[in-house]
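Numbering (my numbering), first residue to last: 420 to 649.
Pasting the structure below:
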């Protein structure tokens, strides 16, 4: 955790660290913060399943912390987004599709062989057969998905299953993060990022914005893996 992050530069030690205990996660791959409830969601891979850990009072948590909830889930370590209004988790796994979990029905991890919670629905999206990031617009029930060098958009995400009808856009997307305060979508790509204003109006045939370059060293190639907002 870094306080006053907007003013930081160079090599800066964290203000504090959080070490979740008892999760079985070998490495954490994704993190999401719900500002309204001060809740931190962490996902990663354990030995035989993916795990979702939930930590309350995240703004003051420090050191070794026992999560309030620990769930073994079938998929989610490659990326997830939380719809806190509808209590849904959308997760990416190693197979084609978006896995939807009902947060109110998940069984807690107990013992060495916990119940692996299965998705209540799966969305198949052949046009995005390698998906690397996703983000939900909760107010509009709209899911943005990055994958296969494209950006996919699914409306009525909370009720969609099977072969999901989606709009796709030719943009080299690797990650997607929606800013609900400004109806703005940030899309990470290789050495660059795209900023899409009025994201809710995005539809087939829309003109996409110019690339915003965030790295210009031709010797270094990297993907922009995510974004965060104050």
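Backbone N, C-alpha and C define an ideal beta-carbon position, used for all residues, glycine too.
Could you pull the DSSP bridge partners for residue i from this structure?
i: residue 541; result: 518
i: residue 570; result: 565, 588
i: residue 550; result: 566
In chain order, what residues of the same chain lie with their CB nearer than 8 Å to the CB of residue i, ignoring the 5 residues before and after it?
i: residue 566; result: 544, 547, 548, 549, 550, 551, 552, 592
i: residue 469; result: 462, 463, 491, 492, 493, 494, 495, 496, 510, 512
Where does the unbroken beta strand (DSSP E) through residue i begin, and where does it stop?
i: residue 449; result: 446–453
i: residue 492; result: 488–492
i: residue 438; result: 437–439
i: residue 427; result: Counting along the chain, residue 427 falls outside any beta strand (DSSP E), and DSSP gives it neither H nor E.
i: residue 621; result: No beta strand (DSSP E) holds residue 621; DSSP gives it neither H nor E.
i: residue 602; result: Note, residue 602: premise wrong, no beta strand (DSSP E); not H, not E.
i: residue 460; result: 458–464
Please return the same chain residues whose Cβ sits closer than 7 Å to the Cβ of residue i, not counting the five positions on each side in sequence.
i: residue 554; result: 500, 563, 595, 596, 597
i: residue 575; result: 560
i: residue 623; result: 586
i: residue 614; result: 603, 605, 628, 631
Give the single residue among the options whose Cα lies nearest to the Cα of residue i.
i: residue 471; options: 503, 525, 579; result: 525
i: residue 437; options: 537, 599, 476; result: 476
i: residue 450; options: 420, 536, 523; result: 420
i: residue 579; options: 517, 645, 430; result: 517
i: residue 530; options: 423, 479, 441, 626; result: 441
i: residue 645; options: 621, 610, 619; result: 610
Can the beta-carbon of residue i be found less than 7 Å from the beta-carbon of residue j?
i: residue 582; j: residue 603; result: no
i: residue 556; j: residue 577; result: no
i: residue 533; j: residue 486; result: no
i: residue 505; j: residue 519; result: no
i: residue 631; j: residue 607; result: no
i: residue 443; j: residue 465; result: yes
i: residue 483; j: residue 435; result: no
i: residue 590; j: residue 627; result: yes
Only counting the same chain, and skipping five residues up and downstream in sequence, which positions put a Cβ closer than 6 Å to that of residue i?
i: residue 503; result: 453
i: residue 587; result: 546, 569, 571
i: residue 459; result: 452, 474, 477
The ligand MN and residue i: does any heavy atom of the ligand fall closer than 6 Å to the residue's C-beta?
i: residue 469; result: Because no ligand of any kind appears in the structure shown, any question about the ligand MN cannot be addressed here.
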